[in-house]
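Have a look at the structure below, then the notes.
Numbering (UniProt numbering), first residue to last: 1 to 224.
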């Protein structure tokens with residue numbers, strides 16, 4: 001599906017403000033959408049991951065994104081506490097989560113006019129929560145190594161994928177180990193520590209997201 005077509009893929013995300021996933025009704029709505037065709041194969045992937053890595057450590061994909069129809073894969077480092085129900089979070093990897101990094105992404109999507117239902121799917125290069133009950137830790141080389149086969153499997157589930165946005169240095173390191181022949185764009189992590197005190201990083205992230213959209217359009221049109 002290309003930009004400008006009238007159809008949609010994911011369900012309509014709430015657009016009245018960031019942090020929508022703090023609303024229990026919105027979370028219930030999203031859970032009810034996990035069997036929709038655009039996200040059901042990813043829900044099955046999550047079920048397999050939970051069986052191997054722990055049901056309390058692997059969140060779901062956000063079904064208001066494009067799912068398996070996505071042209072752009074956004075890869076972060078690892079799920080934070082606000083992505084796991086067991087640590088007070090939503091249970092989704094989502095720019096609608098109730099934390100500063102998610103809010104920064106939500107606002108950038110709004111600024112750029114990103115249609116999440118058609119364009120993107122968001123995940124992590126280490127797809128499970130790493131760390132203790134109260135605090136996540138940085139991804140180590142062993143985590144990135146263990147995550148490789150799961151990311152390779154995910155890429156195989158995304159037939160329309162055109163470009164990967166590597167968000168933060170750990171995501172870039174993890175991807176580089178794979179050797180998958182896809183265009184990539186490296187951007188800073190959207191944490192408040194980065195963007196709120198370093199305005200140039202916000203500019204870099206915005207420019208990188210826009211560049212990824214341009215790559216996706218060009219590749220989809222068959223001119224690369």
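Positions of the beta carbon are idealized from the N, C-alpha and C atoms, including for glycine.
All values derive from a computational prediction rather than experimental measurement.
Beta-bridge partners of residue i, as assigned by DSSP
i: residue 21; result: Bridge partners of residue 21: none, in fact.
i: residue 60; result: 92
Local Cβ density within 10 Å of residue i, reported as buried at 16 or more and exposed below that
i: residue 222; result: exposed
i: residue 111; result: exposed
i: residue 21; result: buried
i: residue 35; result: exposed
i: residue 84; result: buried
i: residue 145; result: exposed
i: residue 55; result: exposed
i: residue 103; result: buried
Residue interval of the alpha helix (DSSP H) (run including residue i)
i: residue 124; result: Where residue 124 is concerned, there is no enclosing alpha helix (DSSP H), although the beta strand (DSSP E) it sits in stretches over 120-124.
i: residue 9; result: Per DSSP, residue 9 belongs to no alpha helix (DSSP H) and is neither H nor E.
i: residue 228; result: With the chain covering 1 to 224 only, the question about residue 228 has no answer from this structure.
Cβ contact check for the stretch 57-72 and the stretch 141-155: 3 or more pairs under 8 Å: With the cut-off at 8 Å, the stretch 57-72 and the stretch 141-155 do not touch.
Inside the UniProt domain "Uracil-DNA glycosylase-like" (63-206) only - alpha helix (DSSP H) runs reaching at least 4 residues: Counting whole runs of 4 or more residues, the UniProt domain "Uracil-DNA glycosylase-like" (63-206) contains the alpha helix (DSSP H) stretches 100-112, 116-119, 141-156, 169-176, 192-195.
Three CB pairs or more closer than 8 Å across the stretch 213-221 and the stretch 189-199: Fewer than three beta-carbon pairs drawn from the stretch 213-221 and the stretch 189-199 are found closer than 8 Å, and the two stretches are therefore not classed as touching.
Validate contact between the stretch 130-141 and the stretch 155-163 using beta carbons, cut 8 Å, 3 pairs: Counting Cβ pairs under 8 Å, fewer than three are found: no touch.
Three or more C-beta pairs below 8 Å linking the stretch 67-83 and the stretch 115-127: Counting Cβ pairs under 8 Å, three or more are found: they touch.
Any 3 or more C-beta pairs closer than 8 Å across the stretch 40-47 and the stretch 92-107: By the Cβ rule, the stretch 40-47 does not count as touching the stretch 92-107, because fewer than three pairs are nearer than 8 Å.
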